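Heads up, the sequence shown is in the working numbering, so the first residue is 58 and it goes up one at a time. Glycine included, C-beta positions come from ideal geometry on N, C-alpha and C. For clarity, every value in this text was computed on a predicted model and none was experimentally measured. Following: one structure in structure tokens, then a few remarks.
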Amino acid sequence: MDSPFKDDALKGKVALLTGGGSGIGFEISTQFGKHGASIAIMGRRRQALDAAVSALASLGIPAIGFEGDVRKPEDARRVVESTFQHYGRIDILVNAAAGNFLVSAEDLSPNGFRTVMDIDSVGTFTMCHEVLKYLKKGGPGRTSSSGGVILNISATLHYTASWYQIHVSAAKAAVDATTRNLALEWGTDYDIRVNGIAPGPISDTPGMSKLVPEEITNKSMDHMTLYKLGEKWDIAMAAVYLASDAGKYVNGSILPVDGGHWLSRPRHLPKDAVKQLSRAIEKKSRTAPVGLPKSKL
Ligand SMILES: NC(=O)c1ccc[n+]([C@@H]2O[C@H](COP(=O)([O-])OP(=O)(O)OC[C@H]3O[C@@H](n4cnc5c(N)ncnc54)[C@H](OP(=O)(O)O)[C@@H]3O)[C@@H](O)[C@H]2O)c1
């Protein structure tokens, strides 16, 4: 699908994306590139980075891949510095790197819980911390008079509760809290806008194929009124909006992009029956005696 944004919405910007070599992160890299940005992607697998960089290059998008683990502060520092050395500036950081697997709380070891917290939450904070000096207003390499932009990718799992996702729910709740707190502190002190995107279930992603295999997808659709899979494009368009000047007054927001899925619950009454039932209840309440206290207290 074509983008509704102008081709030059991110012209001249440099974006560093963790997890930018696959899934949602790669689509954001692609759309940022198509809107004029130069791309640096960070991930642990050299092969995946190389494949992503050549796919971007084939679209004419300047791209480079840096191997690194967001759990290691020295990797985070090296990748941020290498991005700056390579392009001479950094304008946007997207934190999309994450770990996930289905497991019941009972079977999850504290170590497994900690690993996901380390990648998603601590990793996000570490990357933000390392990039601060480049993104802040007046920082090295900044040519505009404003600060840069941070986008943290979370989820909607923790808005309610999610089966077999206690580790990710906790980690993404921490990511959202980090987004809001940085928006307050760094928005005020350094003119950096920090926002989040909370994707719903997105088709054709490693995340979905790991967590919701085909059989479960079909079953979920029967039970959830608003269940509809999103596309990576949907998340990337939200990212272009938030990273570009279109979102210049947006700071500290976490945008759910899930088609309203997290609000979904089974209908307890057929629509046709609502009028009839409420009329009957209304009638009953009018004939019921009033003013007599029922409590024995
Ligand atoms: N897919 C969905 O339906 C969905 C729904 C809600 C939220 N999300 C969120 O959207 C983001 C992308 O998800 P996705 O499904 O597209 O999955 P994905 O492609 O598997 O994204 C994970 C990426 O993060 C990188 N990564 C993982 N651990 C890392 C580490 N320690 N250091 C550096 N990079 C690391 C991976 O590359 P390497 O393995 O090479 O390091 C990979 O490129 C995630 O934050 C996810 O939680 C996805």
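Considering only heavy atoms of ligand 1, does any lie closer than 8 angstroms to the CB of residue i?
{"i": "F83", "result": "yes"}
{"i": "P258", "result": "yes"}
{"i": "K229", "result": "yes"}
{"i": "L312", "result": "no"}
{"i": "D233", "result": "no"}
{"i": "N157", "result": "yes"}
{"i": "D126", "result": "yes"}
{"i": "G253", "result": "no"}
{"i": "A47", "result": "Residue coverage of the chain in this structure runs from 58 to 354, which leaves residue 47 outside it and unanswerable."}
{"i": "A212", "result": "yes"}
{"i": "G80", "result": "yes"}
{"i": "P263", "result": "yes"}
{"i": "L106", "result": "yes"}
{"i": "G180", "result": "yes"}
{"i": "V137", "result": "no"}
{"i": "M294", "result": "no"}
{"i": "I176", "result": "yes"}
{"i": "G76", "result": "yes"}
{"i": "V160", "result": "no"}
{"i": "G50", "result": "Lying before the first or after the last residue shown, residue 50 is absent from the chain, which here runs from 58 to 354."}
{"i": "R102", "result": "yes"}
{"i": "V188", "result": "no"}
{"i": "V307", "result": "no"}
{"i": "M99", "result": "yes"}
{"i": "V331", "result": "no"}
{"i": "V225", "result": "yes"}
Please check the pair residue i and residue j, which I expect to be a contact at CB under 8 angstroms, by giving their CB distance rounded to whole angstroms.
{"i": "V127", "j": "T75", "result": "5 angstroms"}
{"i": "W290", "j": "E84", "result": "6 angstroms"}
{"i": "L159", "j": "Y221", "result": "5 angstroms"}
{"i": "G117", "j": "M99", "result": "Going by Cβ atoms, the distance from G117 to M99 rounds to 22 angstroms, so no, they are not a contact pair."}
{"i": "G204", "j": "Y247", "result": "5 angstroms"}
Is any heavy atom of ligand 3 found at a distance shorter than 8 angstroms from the C-beta of residue i?
{"i": "K289", "result": "Ligands in the displayed structure: ligand 1; ligand 3 is not one of them."}
Have a look at the options and flag the residue whose alpha-carbon is nearest the alpha-carbon of residue i.
{"i": "G304", "options": "A228, D64, A218 and V251", "result": "V251"}
{"i": "I81", "options": "K332, D59 and S266", "result": "S266"}
{"i": "V206", "options": "T183, E131 and V297", "result": "V297"}
{"i": "D233", "options": "E187, A112 and I210", "result": "I210"}
{"i": "N152", "options": "R322, P61, L208 and K129", "result": "L208"}
{"i": "S321", "options": "K353, L268, G257 and V331", "result": "G257"}
{"i": "K91", "options": "A72, S219 and R103", "result": "A72"}
{"i": "L165", "options": "G145, D132 and H224", "result": "H224"}
{"i": "I149", "options": "S226, V347 and K194", "result": "K194"}
{"i": "A255", "options": "G169, H318 and S352", "result": "H318"}
{"i": "G309", "options": "A227, A133, T236 and H143", "result": "T236"}
{"i": "I292", "options": "A94, F89 and D107", "result": "F89"}
{"i": "A295", "options": "V314, Q333 and F141", "result": "V314"}
{"i": "A212", "options": "T183, T245 and I259", "result": "I259"}
{"i": "D177", "options": "A227, V137 and G196", "result": "A227"}
{"i": "Y144", "options": "R343, A97 and S161", "result": "A97"}
{"i": "S201", "options": "P327, P323, K63 and I249", "result": "I249"}
{"i": "T245", "options": "R336, Y306 and F170", "result": "Y306"}
{"i": "V136", "options": "Q333, R101 and R343", "result": "R101"}
{"i": "K219", "options": "S161, Q333 and K63", "result": "Checking the displayed sequence, the identity of residue 219 turns out to be Ser instead of Lys. Ranking the options by Cα distance to S219, first place goes to S161."}
{"i": "A154", "options": "I147, T217, P167 and F182", "result": "F182"}
Beta-carbon separation of residue i and residue j under 9 angstroms?
{"i": "A114", "j": "A120", "result": "yes"}
{"i": "A109", "j": "G78", "result": "yes"}
{"i": "E288", "j": "M58", "result": "yes"}
{"i": "G316", "j": "K285", "result": "yes"}
{"i": "A300", "j": "K70", "result": "yes"}
{"i": "L241", "j": "K229", "result": "no"}
{"i": "R199", "j": "L192", "result": "yes"}
{"i": "F123", "j": "S111", "result": "no"}
{"i": "A94", "j": "D302", "result": "no"}
{"i": "E187", "j": "P130", "result": "yes"}
{"i": "L268", "j": "C185", "result": "no"}
{"i": "M174", "j": "A133", "result": "no"}
{"i": "F141", "j": "P61", "result": "no"}
- Query: Considering only residues of the region 251–312, which uninterrupted alpha helix (DSSP H) runs meet the minimum length of 4 residues and lie entirely inside it, listed in chain order?
  - Reply: 263–268, 271–280 and 289–300
- Item | Runs of beta strand (DSSP E) lying entirely within the region 97–153, each at least 3 residues, in chain order | 120–124 and 149–152
- Jot down the residue ranges of each uninterrupted alpha helix (DSSP H) in the region 184–233, minimum 4 residues, whole runs only, in chain order. none
- Item | Unbroken stretches of the alpha helix (DSSP H), 4 residues or longer, contained in the region 64–101 | 80–91
- Considering only residues of the region 315–349, which uninterrupted alpha helix (DSSP H) runs meet the minimum length of 4 residues and lie entirely inside it, listed in chain order? 328–344
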